[in-house]
Each structure stands twice: as structure tokens, then as C-alpha cells.
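Comments concern the structure below.
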Amino acid sequence: PGEGSALLSLAELLLEKEHLELCSKVLGSAHQVFSKLRDAQGVGKVASLGASLKNAKLKHQIKKSMDEHAHETHYPVVPVVEFGIKQKVAEGLANVKKGL
188 PGEGSALLSL AELLLEKEHL ELCSKVLGSA HQVFSKLRDA QGVGKVASLG
238 ASLKNAKLKH QIKKSMDEHA HETHYPVVPV VEFGIKQKVA EGLANVKKGL
């Protein structure tokens, strides 16, 4: 598993440095190595890093979109994602209707 671990470490470093495409290629190679060795723990680490890579790609796409449309829209400096907002809005609307 030395080669797989080395590839996994390299992929982690590439992810930290935001070289996402290269990280994806190295991670694929690490997955092949761990799969051939039937190393479940190694495959699990690859899957975990793969999830982090996916999040980093989405973050990059969001930032790119925000930059491309900066002249059309206004985004908060620190965006906040609030789960359950649909329910809170419905409750707030119901409270407003009671007051009317």
C-alpha cells in the first residue's frame, strides 16, 4: 500500500493547493492501486478525499459564477446557508396573516 498511500498524500497536497483537476487524476490512480490490493481502508480514504474534492469543485464553480455575474447581482461578503428556511418562511407568513 506504499504507492497508494503516496498517491493519496499527493492528492491531499494538490487539493490543499487547489489543483483540482490534477488531484482528481491522482486520486483515480490511488483508487486503482487500493482496489487492486483489496485494501478497504485505503479505498475508504480515497472515497473521503473524493468527497472533499467534490466539495472543492462545487465551491470553485460557485465562486466562478459569482465573479462572472458580479456586475448583475449583489452577494453578501460571507454567504450564509440556513437549512429549513422554507419552513421558517411559511411560519413567518402564517404569523403575519394572523396579525392582519
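Counting from 188, one number per residue, gives the positions in the sequence shown under this note's numbering.
A virtual CB, placed ideally from N, CA and C, is assigned to each residue, including glycine.
Quick check: the region 233-246 against the region 199-218, are at least 3 beta-carbon pairs closer than 8 Å?
Touching, yes.
GLY229 classed as buried or exposed, judged by whether at least 16 other C-beta atoms fall within 10 angstroms
Around the beta carbon of GLY229, 16 or more other beta carbons lie within 10 angstroms, which makes this residue buried.
In the DSSP assignment, find the unbroken alpha helix (DSSP H) run with LEU201 in it and report its ends.
Element bounds for LEU201: 189-203.
7 Å Cβ shell around CYS210 - same chain, five flanking residues per side excluded:
So the list reads ALA198, LEU201, LEU202, LEU240, once near-sequence residues are dropped.
Mapping the DSSP letters down to three states, classify GLU269 as helix, strand or coil.
Coil.
Using a Cβ-Cβ cutoff of less than 6 Å, which residues in the same chain neighbour GLY244 once the five nearest sequence positions on both sides are dropped?
Sequence check: residue 244 is Lys here, not Gly. Sequence-distant Cβ neighbours of LYS244 in its own chain, meaning closer than 6 Å and more than five residues away, are LEU207.
So, GLY191 versus LEU224, is the Cβ gap smaller than 8 Å?
In this structure, GLY191 sits near LEU224, with a CB-CB distance shorter than 8 Å.
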